[in-house]
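Engineer: Chains as they are written, first to last, in my numbering: chain A, 218 to 371; chain B, 218 to 371; chain C, 218 to 371; chain D, 218 to 371.
4 protein chains.
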Amino acid sequence: MTRAPELSVAEWFNIDEPLTLEQLLGRPVLIHAFQMLCPGCVAHAIPQTQKVQATFAKTDLQVIGLHTVFEHHEAMMPTALKAFLHEYRIGFPVGVDAPTAHGGVPETMAAYEMRGTPTTILIDRKGNIAANMFGQIDDLALGAMLQGILDAAE
Amino acid sequence: MTRAPELSVAEWFNIDEPLTLEQLLGRPVLIHAFQMLCPGCVAHAIPQTQKVQATFAKTDLQVIGLHTVFEHHEAMMPTALKAFLHEYRIGFPVGVDAPTAHGGVPETMAAYEMRGTPTTILIDRKGNIAANMFGQIDDLALGAMLQGILDAAE
Amino acid sequence: MTRAPELSVAEWFNIDEPLTLEQLLGRPVLIHAFQMLCPGCVAHAIPQTQKVQATFAKTDLQVIGLHTVFEHHEAMMPTALKAFLHEYRIGFPVGVDAPTAHGGVPETMAAYEMRGTPTTILIDRKGNIAANMFGQIDDLALGAMLQGILDAAE
Amino acid sequence: MTRAPELSVAEWFNIDEPLTLEQLLGRPVLIHAFQMLCPGCVAHAIPQTQKVQATFAKTDLQVIGLHTVFEHHEAMMPTALKAFLHEYRIGFPVGVDAPTAHGGVPETMAAYEMRGTPTTILIDRKGNIAANMFGQIDDLALGAMLQGILDAAE
Numbered sequence: 218m219t220r221a222p223e224l225s226v227a228e229w230f231n232i233d234e235p236l237t238l239e240q241l242l243g244r245p246v247l248i249h250a251f252q253m254l255c256p257g258c259v260a261h262a263i264p265q266t267q268k269v270q271a272t273f274a275k276t277d278l279q280v281i282g283l284h285t286v287f288e289h290h291e292a293m294m295p296t297a298l299k300a301f302l303h304e305y306r307i308g309f310p311v312g313v314d315a316p317t318a319h320g321g322v323p324e325t326m327a328a329y330e331m332r333g334t335p336t337t338i339l340i341d342r343k344g345n346i347a348a349n350m351f352g353q354i355d356d357l358a359l360g361a362m363l364q365g366i367l368d369a370a371e
Numbered sequence: 218m219t220r221a222p223e224l225s226v227a228e229w230f231n232i233d234e235p236l237t238l239e240q241l242l243g244r245p246v247l248i249h250a251f252q253m254l255c256p257g258c259v260a261h262a263i264p265q266t267q268k269v270q271a272t273f274a275k276t277d278l279q280v281i282g283l284h285t286v287f288e289h290h291e292a293m294m295p296t297a298l299k300a301f302l303h304e305y306r307i308g309f310p311v312g313v314d315a316p317t318a319h320g321g322v323p324e325t326m327a328a329y330e331m332r333g334t335p336t337t338i339l340i341d342r343k344g345n346i347a348a349n350m351f352g353q354i355d356d357l358a359l360g361a362m363l364q365g366i367l368d369a370a371e
Numbered sequence: 218m219t220r221a222p223e224l225s226v227a228e229w230f231n232i233d234e235p236l237t238l239e240q241l242l243g244r245p246v247l248i249h250a251f252q253m254l255c256p257g258c259v260a261h262a263i264p265q266t267q268k269v270q271a272t273f274a275k276t277d278l279q280v281i282g283l284h285t286v287f288e289h290h291e292a293m294m295p296t297a298l299k300a301f302l303h304e305y306r307i308g309f310p311v312g313v314d315a316p317t318a319h320g321g322v323p324e325t326m327a328a329y330e331m332r333g334t335p336t337t338i339l340i341d342r343k344g345n346i347a348a349n350m351f352g353q354i355d356d357l358a359l360g361a362m363l364q365g366i367l368d369a370a371e
Numbered sequence: 218m219t220r221a222p223e224l225s226v227a228e229w230f231n232i233d234e235p236l237t238l239e240q241l242l243g244r245p246v247l248i249h250a251f252q253m254l255c256p257g258c259v260a261h262a263i264p265q266t267q268k269v270q271a272t273f274a275k276t277d278l279q280v281i282g283l284h285t286v287f288e289h290h291e292a293m294m295p296t297a298l299k300a301f302l303h304e305y306r307i308g309f310p311v312g313v314d315a316p317t318a319h320g321g322v323p324e325t326m327a328a329y330e331m332r333g334t335p336t337t338i339l340i341d342r343k344g345n346i347a348a349n350m351f352g353q354i355d356d357l358a359l360g361a362m363l364q365g366i367l368d369a370a371e
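#1: Would you list, in chain order, the members of the stretch 250-275 of chain B that have their beta-carbon closer than 9 Å to a beta-carbon of chain C?
#2: Opposite D314/B in the DSSP bridges: which residues?
#3: Can you give me the C-alpha to C-alpha distance between A300/D and F273/D, rounded to a whole angstrom?
#4: Within 8 Å (strictly less), CB to CB, does T285/B reach chain C?
#5: Locate the beta strand (DSSP E) running through C283/A, then write down its first and last residues.
#6: Using a Cβ-Cβ distance under 8 Å, would A227/A count as near chain D?
#7: Does L359/C get closer than 8 Å to chain D when you measure Cβ to Cβ?
#8: Over what stretch of residues does the alpha helix (DSSP H) that includes T266/D continue unbroken?
#9: If you draw a straight line from the alpha carbon of V269/A to that of A262/A, how long is it in whole angstroms?
#10: In its own chain, which residues sit with a C-beta less than 6 Å from the C-beta of A328/D, not counting the 5 before and 5 after it?
#11: Roughly how many angstroms lie between the CA atoms of F287/B and V280/B, to the nearest whole one?
#12: Could you give the C-beta distance for F230/D and L298/D, rounded to a whole number, given that I count them as a contact under 8 Å?
#13: Could you tell me how far apart the beta carbons of A250/B and A315/B are, in whole angstroms, since I believe they sit closer than 8 Å?
#14: In chain C, which residues lie with their C-beta within 8 Å of the C-beta of T296/B?
#15: Does R306/D pass the burial test, meaning 16 or more other C-beta atoms within 10 Å, or should it be called exposed?
#16: Any idea which residues DSSP pairs L339/D with across the strands?
#17: If you follow the alpha helix (DSSP H) that E304/D is in, where does it begin and where does it stop?
#18: Just verifying my parser: in three-state terms, what is the DSSP assignment at T325/A?
#19: Check the C-beta distance from E371/B over to K343/B and give it rounded, since I have them as a contact under 8 Å.
#20: To the nearest whole angstrom, what separates the beta carbons of T285/C and A292/B, a pair I think is in contact under 8 Å?
#21: Closest to G257/A by CA distance: which of F351/A, I366/A and H289/A is it?
#22: If you draw a straight line from the C-alpha of V259/A to the C-alpha of G243/B, how long is it?
#23: Interface residues of chain A around F301/D at Cβ under 9 Å?
#24: Give the single residue among N349/A, E330/A, N345/A and M326/A whose Cα lies nearest to the Cα of T337/A.
#25: Counting only Cβ pairs nearer than 9 Å, list the residues of chain D close to Q364/C.
#26: Taking DSSP's pairing of strands, which residues face R220/C in a bridge?
#27: Flag D356/D as yes if its beta-carbon sits less than 8 Å from any beta-carbon of chain C, otherwise no.
#28: How many whole angstroms separate the CB atoms of P310/B and C255/B, which I take to be in contact at a CB cut-off of 8 Å?
#29: Buried or exposed: which applies to G360/C, given that a residue is buried once 16 or more other Cβ atoms fall within 10 Å of its Cβ?
#30: I248/D to T266/D, Cα distance in whole Å?
#31: Helix, strand or coil: which one does DSSP assign to D368/A?
#32: Can the beta-carbon of T219/A be found less than 8 Å from the beta-carbon of I346/A?
#33: Since I believe V246/C is in contact with I354/C (beta carbons under 8 Å), could you give me their beta-carbon distance rounded to a whole number of angstroms?
Right, dumping it as structure tokens:
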């Protein structure tokens, strides 16, 4: 198992205090990496993450959105993201992945070696990466994976 | 927990030897009760059960279809069911729920107190009913429930 | 243009008097040929025809269903079709395409040289075949074709 | 019939020369008014307009997109729209509806008394408004309406 690298976030939406994976140790975590102008994220992955949030609301799963902008930076600034989160009624915590000085792939996206958006990352109670999946994931399989990390021992 | 009543099946399709819950003790079981002329079964529940079969193929989950005819009996005889299973490419074992002398609700459907079709029943490794659900179930929730009974001890 | 062959129907559902294309001359007609155990008909073509019926209710378009059984005959007898029409709430007139002595493709299906089900046939006000389409048709294109034959002169 | 007010556009994408309704007189026109952060536009209306563009490519129908920003102005500037058009592969001409000095509803949106986004406007060959529809429109009905204005005399 690979240890999940800590998040590197420039700004948070929907929460008052920053979240860290270190704090969350002992709980399973789903990180949903997206871009607001990524069609596959908007059509499938974001609604799926919203459904995960609702379906597992009574468990100790923590859902985190991560805005991993690696293209069209000027079109997806935090101001635009804020309007997007409002229009799409996204209520889970969303962090802006910290940009690097040279532009391109932001810090957390690089640390997890993500191949693009959407990417769904599952972290188990021990803080290890249980899954790192690029693209569209079937609900039935995702439900099973999430229950699997919920059932696993700390 | 309620003990899962044994299946009462008049005829099987897609398998050579009859299946019994007694044989399957120790393994989780999903029973999908349907009627071939039930629109909700055809549109949602049957494709979902086919996806369960594919998604959990490497586990010891046993998927069973149960044709619980309680109306339009003359239109849903085993001959028609056989054509239906062929056209819809249904590959999991399907039993014809045993009709009663007076017509109406067949025997297994009555034993499980099913309210109609589709009904999805989950049986855990101990042979108890873990869920008995009428109507459409979300894939994400079903995936989680199935993983839950897969993870539970015998 | 090819003259639309007359319908050869063994039995009608949802109407009291038989329909003939000769009677309907001067009005545009949509014939929806289906089988009750054809998955593509049930999932797409039948709901589309129901939507055509509702969308063009105020025009003089006549929608006709035609049950063109060419396989699994014993599973799709008129008794089964009657239950099917009830369960799927199909309200437009449906004729049972007249079987031939040797089984196989029924009479109207043969006369129109249909390749399978679903098939959608459009007949213009002059009684000519305006379109004879096998498989799934896009709603936008079908809407345009129907308006085209509605707008055309008698 | 109401005469269609001329477009008031600050900037065009996907064409070299500005389009005017005056130039287009004699041809039917579909104006699709949207905002890039409007969920109903992204999920339904924009894909529908792309399908209109493809389905009616061989006719003289002119499809025009109009970015009618009336909220979250700072998140939907022309730079962001350009990235959006690229990511969603929108190939038809898109005009930025001219903002007013006081913000709020832009000029063309006001002239057509649009109630929000998405709005679909059909203009006939004579330059009159044939339809002004707010919200989601069924493909079958839209196909019929478009064929209706295509068939109508100049």
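Glycine included, every Cβ here is placed at the ideal spot set by N, Cα and C.
All values derive from a computational prediction rather than experimental measurement.
Structural biologist: Reading off the structure:
#1: Q252, M253, L254, C255, P256, V259 and A260
#2: Position 97 of the second sequence, counted from the start, is the residue given in the question as residue 314/B. Looking at the DSSP assignment, D314/B forms a beta bridge with V226/B.
#3: One-based indexing of the fourth sequence puts residue 300/D at position 83. One-based indexing of the fourth sequence puts residue 273/D at position 56. Each residue's Cα considered, the two are about 26 Å apart.
#4: Numbered from 1 along the second sequence, position 68 holds the residue referred to as residue 285/B. T285/B does not count as touching chain C.
#5: Reading the first sequence from its first residue, position 66 is the one you call residue 283/A. Reading off the sequence, residue 283/A comes out as Leu, not Cys. Note, L283/A: beta strand (DSSP E), Q279 to H284.
#6: For the purposes of this step, residue 227/A is taken as residue 10 along the first sequence, with counting starting at 1. No, its Cβ sits nowhere closer than 8 Å to a Cβ of chain D.
#7: On the third sequence, residue 359/C is found 142 positions in, with the first residue counted as 1. Judged by the 8 Å Cβ criterion, L359/C is in contact with chain D.
#8: Translated into positions along the fourth sequence, residue 266/D becomes position 49. Here the alpha helix (DSSP H) through T266/D covers I263 to T272.
#9: Numbered from its first residue, the first sequence carries residue 269/A at position 52. Numbered from its first residue, the first sequence carries residue 262/A at position 45. Cα to Cα, V269/A sits roughly 10 Å from A262/A.
#10: Counted from its first residue, the fourth sequence places residue 328/D at position 111. These residues qualify, in order along the chain: P222.
#11: Translated into the one-based positions of the second sequence, residue 287/B becomes position 70. Translated into the one-based positions of the second sequence, residue 280/B becomes position 63. F287/B and V280/B: Cα-Cα distance of roughly 22 Å.
#12: Residue 230/D sits at position 13 when you count from the first residue of the fourth sequence. Residue 298/D sits at position 81 when you count from the first residue of the fourth sequence. So it is a contact: roughly 7 Å between Cβ atoms.
#13: Taking the first residue of the second sequence as position 1, residue 250/B is located at position 33. Taking the first residue of the second sequence as position 1, residue 315/B is located at position 98. Not really, about 13 Å apart at Cβ, beyond 8 Å.
#14: Residue numbering aside, residue 296/B sits at position 79 when the second sequence is read from its first letter. Here the neighbours are E291 and A292.
#15: The count along the fourth sequence starts at 1 and reaches residue 306/D at position 89. So R306/D counts as exposed.
#16: Within the fourth sequence, numbered from 1, the residue matching residue 339/D stands at position 122. Per DSSP, L247/D and A348/D.
#17: Taking the fourth sequence and counting its residues from 1, one reaches residue 304/D at position 87. Note, E304/D: alpha helix (DSSP H), P295 to E304.
#18: Here residue 325/A refers to the residue found at position 108 when the first sequence is read from its first residue. Helix, per DSSP.
#19: Here residue 371/B is taken as the residue at index 154 of the second sequence, counted from 1. Here residue 343/B is taken as the residue at index 126 of the second sequence, counted from 1. So it is a contact: roughly 7 Å between Cβ atoms.
#20: Here residue 285/C is taken as the residue at index 68 of the third sequence, counted from 1. Here residue 292/B is taken as the residue at index 75 of the second sequence, counted from 1. Actually they do not touch by this definition, with Cβ atoms about 18 Å apart.
#21: Against the first sequence, residue 257/A aligns to sequence position 40. With distances taken between Cα atoms, G257/A lies closest to F351/A.
#22: In the first sequence, residue 259/A corresponds to position 42, counting from 1. In the second sequence, residue 243/B corresponds to position 26, counting from 1. Going from the Cα of V259/A to the Cα of G243/B covers about 42 Å.
#23: Walking along the fourth sequence from the start, residue 301/D turns up at place 84. Ordered by position in chain A, the residues that pass the 9 Å Cβ test against F301/D are L254, H289 and A292.
#24: For the purposes of this step, residue 337/A is identified with residue 120 of the first sequence, where counting begins at 1. Out of N349/A, E330/A, N345/A and M326/A, N349/A has the C-alpha closest to the C-alpha of T337/A.
#25: By 1-based counting over the third sequence, the position of residue 364/C is 147. Chain D residues near Q364/C: G360, A361, M362, L363, Q364, G365, L367 and D368.
#26: As a position in the third sequence, residue 220/C is number 3, starting the count at 1. N345/C, per the DSSP bridge assignment.
#27: Position 139 of the fourth sequence, counted from the first residue, corresponds to residue 356/D. Judged by the 8 Å Cβ criterion, D356/D is in contact with chain C.
#28: Residue mapping note: residue 310/B aligns to position 93 of the second sequence, counting from 1. Residue mapping note: residue 255/B aligns to position 38 of the second sequence, counting from 1. Actually they do not touch by this definition, with Cβ atoms about 19 Å apart.
#29: As a working note, residue 360/C is residue 143 in the third sequence. Buried, since its Cβ has 16 or more Cβ neighbours within 10 Å.
#30: Start at 1 with the first residue of the fourth sequence, and residue 248/D comes out as number 31. Start at 1 with the first residue of the fourth sequence, and residue 266/D comes out as number 49. Rounded to whole angstroms, I248/D to T266/D spans 9 Å at the Cα level.
#31: Here residue 368/A corresponds to residue number 151 of the first sequence, with the count starting at 1. Reduced to three states, the DSSP call for D368/A is helix.
#32: Taking the first sequence and counting its residues from 1, the one referred to as residue 219/A is at position 2. Taking the first sequence and counting its residues from 1, the one referred to as residue 346/A is at position 129. Yes, they are a contact pair.
#33: Position 137 of the third sequence, counted from the start, is the residue given in the question as residue 354/C. Position 29 of the third sequence, counted from the start, is the residue given in the question as residue 246/C. No, I354/C and V246/C are not in contact; Cβ-Cβ is about 16 Å, not under 8 Å.
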